[in-house]
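Be aware that the sequence shown starts at 1, since it is given in UniProt numbering, and climbs by one per residue.
Glycine included, each C-beta is placed from N, C-alpha and C at the ideal position.
Before any comments, here is the structure.
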Amino acid sequence: MASSRGEVVTLQLGHYAGFVGAHWWNSQSAAFNSDPRLSIAAQEVNSDVLFREGVTLQGEPTYTPRLVLMDLKGNLSSLRQQGVLYEHPDQNTSTWSGKVSVHRTDPASRNAFLQDLDVIEEEWEKRTRASCSNAPKPETKNAPAGSAEPPAQKVYHLEEGVEVWSDFLRLHLHPRSVSLINDHTSDGDVDRFDVFGLGDSLLLRSPPVADDLEDRLHFFTEECDSLQGFQLLCDLHDGFSGLGARAVERLRDEYGTKGVLVWGLVPPAPPALSPLRSVYRLVNYALGMARLVDTASVLLPLSVSSVLSRRPSPPVVFPDLHYDAELHYHSSAVLAAAVGTSSLPYRTHSRLTSLSEFADSLSGGGRKVAMTSLALPFPLHAGESLPDALRALGAAPPWCSLAPGTAPVASASAPAPCCFAQSVVLRGVPAARHTAGSQRGSTKDSPLYRCSTGQDVMSAYLHGLYPHAPSAVQLLQAPMSAAAPFPDIFAPTVDRSGYLTDSRRKMEEAVSSVPVLTATQSGTALRTSLLALCRELALVDERRLPGLLAAGTEPGELPEALHGLRSLADAYHSGCGHEQNSDDDDDS
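Take a look at the structure:
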């Protein structure tokens, strides 16, 4: 049963959202295993907020995400849409006594990770049959007790073995979770789902699709004792931008008092993307943002692309990561770390806030767009205390922004970004290292060494960065799981526990967990980002985008959306004693 803060239903809309979601669910399922460092998460994080209990037809207990996901046909690979948890053992038994013609198709290939999971499940089923036990089916597909080497302890190199998100999904999904759109595809020249209006009209003019989504949502919401709201992982670069915008409108119509938090996802553009397709991606993003800020409680754009434009842009650089931004398998892992950590305030047993309160704290003054920044891993050296790590950072925060176009400008004349409000979460630093310990009250020149709790240390550090910003701070001891199938993207100087060292980790050793820091903020950097997007699209003539209007977008909707985003940017004028550069105002 969920805490008094209530349950949250998750929607994943789009194929890239599936990648981010798969990494996120994998990381959460790690709390169910026996790793001592990760098992702390079960004491700190209330999994019942996002997971539900159930029972199979054989009476076995299940624990699955309270999730509805939508993707296009052909994007599931070997994953069965209905799953395997609730199938009847005799469902394939035929009562037909006549001649049977059998037609077989080659099954989808399974990478090394999935093959290991198959072996583990087969071993579990053999033992279950032999002992006639009623042991629960391994929801997370972790190795059963006594297994020689569970997948989580192995190093997999799945860069060539992952084509879709189900190729590395570790846990089982409920049969009511997966909804496929059969009339569109993700590639090819026919029926591409690549324009905002296609997704918008799908829920508006296709009753079967709309009814299916509504039925699946009702299945999960009607069993909730105290639903606190919805969180969405939504692709904003293709047709799912329109579908997500329309879905949030429907959530508002039916669940008006509930919080709706949206992470708007944009994968890096493929290198060979045509100029026209680049424009469509930007238009989809702008139209989605303009609609979502009117209906969502808060919108959090997420991308490893430093800037969204019609031209290629470099990816966000993390000091201790070696990742390939062009691989969805890699880039989505980075975003999943940000989502999983920044959302902890409304998912912990401590009940510090609710989803609605979390969103409201970031969206004051009509600022409905917020930015998420990430330190992966948090730069903590082995044997170092939290004050040591923060003091070593100097005036520069340790995180990198994942909201496109919000990176600080490297200019002595540029004003420092102003922060209006922020929620900061640090996970993975043991309590014994939260303070300076025996060095407390020493002559060191930083007030961080005079703090008596980790909360005070973090608050003092943030006050030095943003003296006028109200900050909500949360520290958790449990690190984020980075075990397989999380990609091996950490620098060799990151040890197996995610700490920085002077030595190099062996190639055959995998990083199993990492400390992570996120900062979810409302600040003036978002004004720069919004105005840059408007400038990028100001000269685009929607009449030269025939696919846009043909898909159902009304003439004039793009200029209207850009006008709305410019007005939204005005809400991010500096309130910290300085104004933005005049260049920011040249948006027409």
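Would you kindly report the start and end of the unbroken beta strand (DSSP E) that includes Pro-65?
-> Taking the first residue of the sequence shown as position 1, residue 65 is located at position 65. Here the beta strand (DSSP E) through Pro-65 covers 61-65.
Residues in its own chain within less than 8 Å of Leu-203 by CB, not counting five upstream and five downstream?
-> Taking the first residue of the sequence shown as position 1, residue 203 is located at position 203. Same-chain partners within the cutoff: Val-209, Ala-210, Leu-213, Leu-243, Arg-246, Ala-247 and Arg-250.
Have a look at Phe-196, Tyr-156, Glu-121 and Ser-39 and flag the residue whose alpha-carbon is nearest the alpha-carbon of Ala-550.
-> Within the sequence shown, numbered from 1, the residue matching residue 550 stands at position 550. The option with the nearest alpha carbon to Ala-550 is Phe-196.
Pick out whichever of Ser-423, Thr-295, Thr-221 and Ile-489 has its Cα sitting closest to the Cα of Ser-459.
-> For this step, residue 459 is matched to residue 459 along the sequence shown. The candidate whose alpha carbon is nearest that of Ser-459 is Ser-423.
Assuming Ala-375 and Leu-362 make a contact with CB atoms under 8 Å, what is their CB distance in whole Å?
-> Looking up residue 375 in the sequence shown gives position 375. Looking up residue 362 in the sequence shown gives position 362. That pair is no contact at about 19 Å.
Is the distance from the Cβ of Ser-306 to the Cβ of Arg-391 below 7 Å?
-> Against the sequence shown, residue 306 aligns to sequence position 306. Against the sequence shown, residue 391 aligns to sequence position 391. Contact: no.
Alpha carbon to alpha carbon, how far is His-468 from Leu-426? Give it in angstroms, no decimals.
-> Taking the sequence shown and counting its residues from 1, the one referred to as residue 426 is at position 426. Taking the sequence shown and counting its residues from 1, the one referred to as residue 468 is at position 468. Distance between the alpha carbons of Leu-426 and His-468: 21 Å.
Under the three-state reduction of DSSP, which class applies to Thr-10: helix, strand or coil?
-> Working through the sequence shown from its first residue, we reach residue 10 at position 10. DSSP places Thr-10 in strand when its eight states are reduced to three.
For Ser-306, does the three-state DSSP call read helix, strand or coil?
-> Within the sequence shown, residue 306 is the residue found at index 306, counting from 1. Note: Ser-306 maps to coil in three-state DSSP.
Exposed or buried, which one is Gln-115 when buried takes at least 16 other CB atoms within 10 Å?
-> If you number the sequence shown from 1, residue 115 lands on position 115. Per the 10 Å Cβ criterion, exposed.
May I have the straight-line CA-CA distance separating Gly-264 from Ser-297, to the nearest angstrom?
-> Your numbering for residue 264 matches position 264 in the sequence shown. Your numbering for residue 297 matches position 297 in the sequence shown. Each residue's Cα considered, the two are about 13 Å apart.
Using the C-alpha atoms, what's the distance from Pro-314 back to Leu-386?
-> By 1-based counting over the sequence shown, the position of residue 386 is 386. By 1-based counting over the sequence shown, the position of residue 314 is 314. Their backbone Cα atoms lie some 31 Å apart in a straight line.
State buried or exposed for Pro-485, treating a residue as buried only when at least 16 other CB atoms are found within 10 Å of its CB.
-> Position 485 of the sequence shown, counted from the first residue, corresponds to residue 485. Pro-485 comes out buried.
Residue range of the alpha helix (DSSP H) that Phe-19 falls in?
-> Locating residue 19 in the sequence shown gives position 19, where the first residue counts as 1. First-last of the alpha helix (DSSP H) with Phe-19: 15-29.
Cross-strand partners of Ala-472 (DSSP beta bridge) = To locate residue 472, count along the sequence shown from 1; it is residue 472. Partner(s): Ser-423.
From Glu-160 to Leu-233, what distance separates their C-alpha atoms?
-> In the sequence shown, counting from the first residue as 1, residue 160 sits at position 160. In the sequence shown, counting from the first residue as 1, residue 233 sits at position 233. C-alpha separation (whole angstroms): 25 Å.
Quick one: what's got a C-beta closer than 7 Å to Pro-268's C-beta in the same chain, skipping five residues either side?
-> Indexing the sequence shown from 1 puts residue 268 at position 268. Counting only Cβ-Cβ distances below 7 Å, and skipping sequence neighbours, we find Val-304, Ser-305, Pro-315, Ala-325, Glu-326 and Ser-331.
Work out the CA separation of Arg-176 and Gln-91 for me, nearest whole Å.
-> Residue mapping note: residue 91 aligns to position 91 of the sequence shown, counting from 1. Residue mapping note: residue 176 aligns to position 176 of the sequence shown, counting from 1. Only weak support exists for where Gln-91 lies, its pLDDT of 46 falling under 50; the value from the coordinates is given anyway. Whole-angstrom Cα-Cα distance: 18 Å.
What is the residue span of the alpha helix (DSSP H) that Ser-361 lies within?
-> Sequence index remark: in the sequence shown, residue 361 carries index 361 (1-based). Note, Ser-361: alpha helix (DSSP H), 355-362.
What did DSSP end up calling Leu-344 once you bin it into helix, strand or coil?
-> The residue you call residue 344 lines up with position 344 of the sequence shown. If DSSP states are grouped into helix, strand and coil, Leu-344 belongs with the helices.
Can you say whether Leu-393 is buried or exposed, counting buried as having 16 or more other CB atoms within 10 angstroms of its CB?
-> Your numbering for residue 393 matches position 393 in the sequence shown. Looking at its Cβ environment, which holds fewer than 16 other Cβ atoms inside 10 Å, Leu-393 is exposed.
Alpha carbon of Tyr-63 to alpha carbon of Glu-53, nearest angstrom = Working through the sequence shown from its first residue, we reach residue 63 at position 63. Working through the sequence shown from its first residue, we reach residue 53 at position 53. Those two C-alpha atoms are separated by around 5 Å.
Reference Ala-31, options Leu-526, Ala-41 and Asn-46, closest by Cα = Stepping through the sequence shown from its first residue, residue 31 is reached at position 31. When Leu-526, Ala-41 and Asn-46 are compared, the shortest CA-CA separation from Ala-31 is found for Ala-41.
Sort Val-339, Ala-382, Val-457 and Ala-472 by Cα distance to Ala-17 and report the nearest one.
-> The residue given as residue 17 occupies position 17 in the sequence shown. Comparing Cα positions, the closest option is Val-339.
Ala-145 to Ala-333, Cα distance in whole Å?
-> In the sequence shown, counting from the first residue as 1, residue 145 sits at position 145. In the sequence shown, counting from the first residue as 1, residue 333 sits at position 333. For Ala-145, the predicted model reports a pLDDT of 34, less than 50, meaning its position is unreliable; a value from the coordinates is still stated below. Each residue's alpha carbon lies about 28 Å from the other.
Please confirm whether Gln-477 and Ala-431 have their CB atoms less than 7 Å apart.
-> Along the sequence shown, one-based indexing puts residue 477 at 477. Along the sequence shown, one-based indexing puts residue 431 at 431. Yes. Within cutoff.
Could you pull out every residue in the same chain whose Cβ sits closer than 8 Å to the Cβ of Cys-453, ignoring the five residues on either side in sequence?
-> As a position in the sequence shown, residue 453 is number 453, starting the count at 1. Note that residue 453 is Thr in the sequence shown, not Cys. Taken in chain order, the residues that qualify are His-434 and Thr-435.
Quick one: what does DSSP say His-218 is sitting in, helix, strand or coil?
-> Looking up residue 218 in the sequence shown gives position 218. The answer is helix: DSSP assigns His-218 an H, G or I state.
Closer than 7 Å by C-beta to Ala-407: which residues in its own chain qualify, once you throw out the five before and the five after it? Chain order, please.
-> Numbered from its first residue, the sequence shown carries residue 407 at position 407. Same-chain partners within the cutoff: Ser-306 and Ser-401.
C-alpha distance - Gly-556 paired with Glu-509, whole-angstrom precision = Within the sequence shown, numbered from 1, the residue matching residue 556 stands at position 556. Within the sequence shown, numbered from 1, the residue matching residue 509 stands at position 509. So the alpha carbons of these two residues sit roughly 56 Å apart.
Note down, one range per segment and in chain order, each alpha helix (DSSP H) of at least 4 residues found wholly within the stretch 375-405.
-> 386-393
In the DSSP assignment, find the alpha helix (DSSP H) that holds Val-262 and state where it starts and stops.
-> Translated into the one-based positions of the sequence shown, residue 262 becomes position 262. Val-262: not part of any alpha helix (DSSP H); member of the beta strand (DSSP E) spanning 259-265, first to last residue.
With Arg-246 as the anchor, note down where its beta strand (DSSP E) starts and where it stops.
-> Along the sequence shown, read from residue 1 onward, the residue named residue 246 stands at position 246. Segment 240-254 is the alpha helix (DSSP H) holding Arg-246; no beta strand (DSSP E) there.
For my contact list, Leu-537 and Leu-282 are in at a C-beta cut-off of 8 Å; report their separation, rounded to the angstrom.
-> As a first step, residue 537 is located in the sequence shown; it is residue number 537 there, counting from the start. As a first step, residue 282 is located in the sequence shown; it is residue number 282 there, counting from the start. The pair is a contact, with the Cβ atoms about 6 Å apart (cut-off 8 Å).
Per-residue DSSP class, three states only, for Val-540 = On the sequence shown, residue 540 is found 540 positions in, with the first residue counted as 1. In this structure, Val-540 counts as coil in the three-state DSSP scheme.
Whose C-alpha, out of Phe-193, Arg-566 and Arg-216, is nearest the C-alpha of Gly-547?
-> Here the question's residue 547 lines up with position 547 in the sequence shown. For Gly-547, the nearest C-alpha among the options comes from Phe-193.
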